[in-house]
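Residue numbers (our numbering): 20 to 118.
From the three backbone atoms N, C-alpha and C, an ideal C-beta is built for every residue, glycine too.
Remember, predicted model here, so these are calculated numbers, not experimental data.
Since the structure comes first, as structure tokens, the remarks are kept for the end.
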């Protein structure tokens, strides 16, 4: 969904019988649109296995980078890679759980 469509959907909140007497606030409609856009991205991640995997890989690399920046060596490179991928998968699963 484009941002414009999201804004149009958000603006519908001021079209119902219960809310049509309220003045529309464009800034609020834009904030609603941002929420809808974020939810749309999360739905795409949840639905598309390749996109999910790409996000998982990027999140995992962020975890790995943090491990490498740490001065102490706790785990081997392979263990860090496995832990980072599990952490990334857990993060994404929590992120899209209610979408």
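For residue i, report the span of its alpha helix (DSSP H) as first-last.
{"i": "residue 50", "result": "45-66"}
{"i": "residue 24", "result": "22-30"}
{"i": "residue 107", "result": "96-115"}
So is residue i buried or exposed if we call it buried at 16+ other beta carbons inside 10 Å?
{"i": "residue 31", "result": "exposed"}
{"i": "residue 99", "result": "buried"}
{"i": "residue 42", "result": "exposed"}
{"i": "residue 76", "result": "exposed"}
{"i": "residue 64", "result": "buried"}
{"i": "residue 107", "result": "buried"}
{"i": "residue 81", "result": "exposed"}
Does the distance from the C-beta atom of residue i to that of residue j stay below 8 Å?
{"i": "residue 83", "j": "residue 103", "result": "yes"}
{"i": "residue 58", "j": "residue 118", "result": "yes"}
{"i": "residue 22", "j": "residue 56", "result": "yes"}
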